[in-house]
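Okay, structure first, notes after.
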Amino acid sequence: MPLRTVQRTNWLMWFGVVAVLFTGSHHVGAQEPAPEFSTEAIEFFELNVRPLLVEHCYECHSADASELQAGLRLDSRAAMLDGGDSGSAMVPHQPEESLLIDAVRYQTFEMPPAGKLSDQEIAQLVRWMELGAPWPAEESDSDSSSQAEEIDWSNVRSGHWAWQPVERPSLPEVRDTEWAINSIDQFVLARLEAAELQPAPVTEPRILVRRIYLDLIGILPTPEQSQAFIDACSIDHPAAVSELVDELLASPLYGQRWARHWLDVARYSDGYGGFLDNQGYEQAWRYRDWVVDALNADLPYDQFLKLQIAGDLISPETDAVATGFFALGPTYVSDGGDPESTAQARGETLDDRLDTLGRGLMGITISCARCHDHKFDPIPQSDYYSLAGVFNNTSPQEFPLEPAEVVQQYQDHQHAIAQQEQKIRELEAIPAEQRTAEQQQQMESWKAELESLRQSAPAKFAYAHALTDSGSGDMHVALRGNLQNAGDVAPRRFLRLLDGEAPELFTEGSGRLALAEAVTSTANPLTARVFVNRVWMHHFAQPLVHSPSNFGTLGQAPTHPLLLDWLTAEFIESGWSIKTLHRRMMTSASYQMSSRFDQQAFDVDGGNELLWRMNPRRMDVEAWRDSLLAVTGELDSSSGGPSIDNIGASTRRTLYAKVSRNGDQFASDEFLRRFDFPLMRATVEERPTTVVPQQFLFLMNSPFIVDRARALVNRLANEPNDEARIRQAYQLLYGRIPTDDEVQIGLDFVSQPAESEGLPSWVQYAQVLLGSNEFMYVR
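Below is the structure:
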């Protein structure tokens with residue numbers, strides 16, 4: 032986010048005018064009892080609002096202020112409602128009536144006076160107010176004193192399900208001994224039977240084959256592939272499922288599909304935009320391709336993570352590129368260059384790394400301990416800076432992927448160019464009228480040599496955006512999150528929550544190698560659980576833990592805790608094999624259930640928490656676009672290489688589109704964002720699914736869709752007649768035979784003459800079929 036220079040000498044001036052701001056000129060809402068807020072709303076406050084208040088307000092407006100200004104405290108919801116000498120600071124649900132919002136918008140007084148908050152920061156405050164100003168129910172009066180010494184570290188892991196060790200539970204007993212195919216089903220069925228519910232029957236093979244293809248490779252099956260599976264199911268259904276799953280897991284298209292899921296976690300982008308960091312990452316695609324290859328090779332998940340944390344220290348020749356997981360995140364830049372702005376930029380960069388490590392890999396909100404001890408989870412502020420110290424000793428670099436002599440040749444040539452440019456600049460500094468004829472001649476000669484050097488310069492060596500060690504020192508705790516306000520030293524080590532009261536110190540280099548070991552240790556119960564939950568989410572359309580990036584006390588409890596631990600134990604014992612995890616889930620009866628609706632089950636469990644049916648869901652934008660190109664015969668499924676700017680004009684898989692952090696740099700951004708592709712500014716927990724008019728207008732009017740309709744018509748042209756074309760279209764798009772009514776409707780439509788300037792009737796018909804819900808949804 033944009034950073035503003037803040038002069039601490041101006042804070043008293045700012046707060047000295049607070050009493051003037053909070054006057055009767057604004058409507059002030061009546062005091063209200065503290066309401067109940069959702070965990071999502073509280074988490075929004077902790078991640079986005081509390082840090083702003085701590086940084087910009089608490090010095091003079093909290094219980095810790097040396098002198099409370101204007102009688103106003105902003106360190107509790109009740110205090111904000113009570114207000115100060117002149118009234119309330121906010122009106123919940125009404126940001127336009129809240130004096131605090133007026134002030135930060137510079138609509139009345141300009142606060143803070145040394146520099147306006149960024150648009151994003153103001154938007155966060157407005158959103159918080161719209162939500163009713165959520166605030167945790169239990170608050171201490173002080174944010175500065177650490178509670179670390181009050182935590183009983185020997186018993187802390189017994190206080191919450193997610194901190195407890197992973198233990199393989201016994202399989203539950205079930206009444207129906209025929210339904211289960213594997214152990215997953217016994218856990219699911221036990222919960223259903225306890226609620227007096229029955230699982231849905233197995234779905235039709237034509238629907239199941241579509242589900243399996245989309246889940247594993249993100250592309251619809253051809254009619255021939257569907258029929259082969261249907262025929263195999265008629266002979267041996269379990270074997271047919273198992274064989275198809277194995278076949279698709281062995282396909283290079285599997286890595287392309289599942290890499291996209293991981294890239295959401297890694298907040299992968301090609302750079303550009305946000306946080307005063309507008310640089311592009313031209314070689315970002317190398318990290319993307321590394322992820323694809325690692326997944327196709329079934330690299331054990333613990334090794335997969337270790338290389339992304341410290342690949343340059345483990346196997347630099349092949350895996351330094353893996354550290355793009357962190358290196359491709361935003362590197363905040365100061366807009367002022369003064370020490371305070373520079374420190375704040377560094378703090379924001381470190382927070383991005385810790386947030387990605389915490390929420391992305393371990394499902395814990397480490398960032399909530401940046402300015403103060405975590406309010407809900409046992410993460411003291413000192414533990415935050417123990418981990419921040421690891422990344423404080425790293426820096427992104429262009430890591431060469433070619434031999435040293437190739438790199439040296441390029442650098443020597445660039446040095447020669449720089450020297451030649453310097454010589455020319457020195458002569459140009461002499462006024463033209465004072466130059467001698469010899470000097471003028473010399474300059475012309477040097478310019479010719481410079482042009483020759485530029486023309487003969489070798490292409491830049493191949494490189495990757497990677498992380499490298501740059502130091503080995505510990506950080507001080509930043510009081511209130513301000514790196515210029517140093518507290519005690521925080522020795523580099525792992526979280527005490529997961530590693531006990533006295534974790535082993537990280538002493539080698541930055542500490543990343545030791546951090547990688549700690550994150551993937553089997554003694555750490557979070558890493559494997561979080562990943563298993565993410566894989567389940569993508570196969571079943573909802574996770575077992577409905578807060579996939581927050582397993583803390585503000586997160587959701589698992590719907591099937593025993594199943595989650597059984598799967599996690601199996602995952603670890605399988606050698607952290609991701610493909611084995613897929614097989615186990617997809618060969619279960621639970622995965623193969625129909626998605627048909629059951630009113631009785633819905634009345635008992637409307638959210639399908641107990642999994643009485645498969646959850647139907649809309650394809651994500653990648654699977655949808657790729658399947659559009661596949662059914663029209665246009666898809667280019669080749670692997671790897673630089674990203675493409677405009678996927679609307681390309682037939683490559685959507686994975687290979689360029690995406691920017693701001694979501695507005697490339698033509699691809701607009702296309703993807705329309706269908707719920709998230710902004711890659713932070714690790715993505717779970718994509719939303721929206722249904723908005725712009726999507727349907729796109730289906731009706733976009734040249735991309737019209738081009739796909741034309742291509743589909745061309746593909747159907749070899750069929751002998753219109754009826755055969757309609758039947759083949761249904762097989763290609765929906766994997767089924769059309770009804771007689773559907774055939775007749777199609778024949779009636781395509782037999783109509785096109786309007787004088789309109790599309791041919793067959794193209795219009797193809798466009799309707801491609802834009803249908805039946806095509807877009809997975810059942």
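Quick note, the sequence shown lines up with residues 32 to 810 if you use our numbering.
Just so you know, even glycine gets a beta-carbon here, dropped at the ideal spot from N, CA and C.
query	result
Enclosing beta strand (DSSP E) for Phe430 [first to last residue]	Thr425 to Pro431
Identified DSSP bridge partners for Asp667	Arg683
Cα-Cα separation, Val794 to Val737	7 Å
Nearest-angstrom Cα separation, counted from Val80 out to Pro126	14 Å
Helix, strand or coil at Ile212 [DSSP, three-state]	coil
C-alpha gap between Asn515 and Glu371, whole angstroms	With the sequence shown as reference, residue 515 is identified as Gln, and Asn is not the correct amino acid for it. Roughly 7 Å separates the two Cα atoms.
Three-way DSSP call (helix, strand, coil) for Gly802 in this model	coil
Cα-Cα separation between Val24 and Trp643, rounded to whole angstroms	Shown here, the chain extends from 32 to 810; a query on residue 24 therefore has no answer.
Close Cβ partners of Leu245 (< 6 Å) along its chain, the five nearest in sequence each way excluded	Ala654 and Val809
Asp350: first and last residue of the uninterrupted beta strand (DSSP E) it sits in	Here Asp350 belongs to no beta strand (DSSP E); instead the alpha helix (DSSP H) covers Pro347 to Asp350.
Cβ-based burial, Thr234 [other Cβ within 10 Å; buried from 16]	buried
Other residues of its chain near Ile153: CB distance less than 7 Å, five sequence neighbours each side excluded	Val135 and Arg136
Neighbour flag for Thr714 against chain D, beta carbons, 7 Å	Here chain D cannot be found, since the structure has a single protein chain.
Through-space distance from Leu666 to Val690, alpha-carbon basis	20 Å
Selected residue, minimal CA-CA separation from Pro196, among His507, Gln472 and Ala600	Ala600
Check whether Tyr416 and Val508 have beta carbons under 7 Å apart	yes
Complete alpha helix (DSSP H) runs within the segment 480-534 (minimum length 4 residues, chain order)	527-530
Presumed contact (8 Å Cβ cut-off) between Glu717 and Pro579, rounded CB distance	6 Å
Beta-carbon gap between Met807 and Arg649 smaller than 7 Å	yes
For Gly118, three-class secondary structure by DSSP	strand
Secondary structure of Ser175, DSSP reduced to three states	Its pLDDT being 40, under 50, Ser175 is placed unreliably by the model, and the measurement read from it follows with that caveat. Note: Ser175 maps to coil in three-state DSSP.
Contacts around Gly766, its chain only, beta-carbon distance under 8 Å, and the 5 residues preceding and following it disregarded	Arg237, Ile238, Val240, Arg241, Leu251, Pro252, Pro254 and Ser257
DSSP beta-bridge partners of Met624	Val233
Beta-carbon proximity check, Val352 vs Arg317, cutoff 7 Å	yes
When Glu457, Gln486 and Arg485 are compared against Gln473, the one with the closest alpha-carbon	Glu457
Ordered list of alpha helix (DSSP H) runs contained in the segment 534-560, each at least 4 residues	543-550
With 16 other Cβ atoms within 10 Å as the buried cut-off, status of Phe430	buried
Three-state class that DSSP yields for Ala271 in the structure shown	helix
Cβ contact (3+ pairs, closer than 8 Å) linking the segment 275-290 and the segment 601-614	yes
Straight-line Cα distance separating Pro123 from Glu161	7 Å
Exposed unless 16 or more other CB atoms sit within 10 angstroms - verdict on Ala61	Only weak support is given to the placement of Ala61: the predicted model assigns it a pLDDT of 42, under 50, and the value that follows is read from those uncertain coordinates. Label assigned to Ala61: exposed.
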